[in-house]
Ligand code: IPM
Ligand code: MG
């Protein structure tokens, strides 16, 4: 069963596009996928006063994989609010033990002009961030105290050896399947958590992945090099908050944040598949809700990751990815990308173009 969590803003629109693609994959490849839908984020606050109702957690625990749209929006963005949509997202990642967040970034020739960078700077950029997702400062103790002359806010950042070991193993295995190079990002010149991070990463790589070439990089340097020499990156592993910030920066290289998928994965089971939440990396985009302008590609590529990582369906995942690539090359794209030739398409048109190409892929591969 695939759990659908459409969430807020354009979440329901892109989630519907993803479901359509999964249904077509099922039909063309002879599978049967069942879907159940739950509430999360602002939509759940409105319905039941809780961004992550127990019924949603329970449904996701029963599911083989979760497809999520987006959470949040100005309606719930009240600084003094006790409940926030983002708590739903952080909570479900934690409840399912999804500690490894994969965020691939690629620059495609057909849409290089959509990026603010020079095209020759971007050609060939293709890397993956592996962000630790259930530890660090986002999950540490939070406190707000009154002082005589104001207030004091505290957010605790902590990491354990085990949390670092398991994320570096995911990243090292990925590096092995790609260029064999791994960059680990930290702030070891200042932070104790980063010094532990660096020691553990060094040990795990030298004991278990001696064939992987490891480079440590400070987070400020990484922020600079990502835009200065983006082609020099292949697999990057980092802690939660650094990964959150750097992946938004990296998204700019791809031309539109609307193109980028993500997978949040837990520990693998015996046959190599993992439970996961799959979601586009963009947010709820309240400014374009209901206009049909949302780019469905980030979600559709997330569906390909779902097929690959949670269902072990590599052929099906590739069929979806090839259909997306062909559609991007064809050039009828949502307004975030249609800057070069003016052929603007709606969410539904881009989805339909991808769906019809998945059919063509099947006849080629079967
Ligand atoms: C992301 C988002 C979330 C995060 C927020 C919405 C909690 O920014 O997925 O990158 O920080 O993880
Ligand atoms: Mg983020």
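Residue numbers (the working numbering): 808 to 1173. From the three backbone atoms N, C-alpha and C, an ideal C-beta is built for every residue, glycine too.
Next on the checklist: I need the straight-line Cα distance from residue 1069 to residue 960, nearest angstrom please.
Outcome noted: 31 Å
Checklist entry - Measuring from the CB of residue 871, is there a heavy atom of the ligand ATP at a distance below 7 Å? => result Because the ligand ATP does not appear in the structure shown, any question about it cannot be addressed here, the ligands present being the ligand IPM and the ligand MG.
Checklist entry - Leaving out five residues before and five after residue 1039 in sequence, what residues of the same chain have Cβ atoms less than 8 Å from its Cβ? => result 1032
Item to check | Expected contact under 8 Å - CB spacing of residue 1060 and residue 914 to nearest Å | outcome: 6 Å
Item to check | Pair within 8 Å by beta-carbon distance, residue 810 and residue 870 | outcome: Their beta carbons are under 8 Å apart, which means residue 810 touches residue 870 by this criterion.
Item to check | DSSP three-state assignment for residue 1145, whether helix, strand or coil | outcome: Residue 1145 falls in the coil class under three-state DSSP.
Checklist entry - So is residue 1163 buried or exposed if we call it buried at 16+ other beta carbons inside 10 Å? => result exposed
Checklist entry - Taking the alpha-carbon positions, what's the residue 1128 to residue 1088 distance? => result 17 Å
Item to check | Alpha-carbon spacing of residue 965 relative to residue 846, whole angstroms | outcome: Taking the straight line from one Cα to the other gives about 30 Å.
Checklist entry - Beta-carbon separation of residue 817 and residue 1160 under 8 Å? => result no
Next on the checklist: I need the straight-line Cα distance from residue 1173 to residue 836, nearest angstrom please.
Outcome noted: Because residue 1173 carries a pLDDT of 46, less than 50, the predicted location of this residue cannot be relied on, and no value is offered for it.
Checklist entry - If you measure from the CB of residue 939, is any heavy atom of the ligand IPM nearer than 7 Å? => result Relative to the ligand IPM, even the nearest heavy atom lies 7 Å or more away from the CB of residue 939.
Checklist entry - In whole angstroms, what separates the C-alpha of residue 1036 from that of residue 895? => result Roughly 36 Å between the two C-alpha positions.
Checklist entry - How close, in whole Å, do the beta carbons of residue 909 and residue 1110 come, if the pair is a contact with beta carbons under 8 Å? => result Actually they do not touch by this definition, with Cβ atoms about 14 Å apart.
Next on the checklist: What does the Cβ neighbour count give for residue 1047, buried or exposed, with the cut at 16 atoms within 10 Å?
Outcome noted: buried
Item to check | Pairwise C-alpha distance: residue 1015 and residue 1006 | outcome: 14 Å
Next on the checklist: Cutting at 7 Å between CB atoms, please list the residues of its own chain near residue 820, excluding the five before and the five after it.
Outcome noted: 1101 and 1154
Checklist entry - Which residues bound the beta strand (DSSP E) around residue 1069? => result Note, residue 1069: premise wrong, no beta strand (DSSP E); not H, not E.
Checklist entry - Enumerated in chain order, which unbroken segments of the alpha helix (DSSP H) with a length of 4 residues or greater are wholly contained in the stretch 890-927? => result Counting only runs of at least 4 residues, the stretch 890-927 fully encloses the following alpha helix (DSSP H) elements, listed from N- to C-terminal order: 892-902.
Next on the checklist: Between the alpha carbons of residue 918 and residue 1075, how many angstroms are there, rounded?
Outcome noted: Each residue's alpha carbon lies about 35 Å from the other.
Checklist entry - Can you find a heavy atom of the ligand MG that lies under 7 Å from the Cβ of residue 1014? => result no
Next on the checklist: Count Cβ pairs between the stretch 882-896 and the stretch 850-868 that sit closer than 8 Å; are there 3 or more?
Outcome noted: yes
Item to check | Best match in 1025, 1097 and 978 for proximity to residue 998 [C-alpha to C-alpha] | outcome: 1025
Checklist entry - Just curious, the beta strand (DSSP E) that residue 1084 is in, first and last residue? => result 1081-1085
Item to check | Ranges of the alpha helix (DSSP H) found wholly within the stretch 815-871, counting only runs of at least 4 | outcome: 818-836, 849-855 and 861-869
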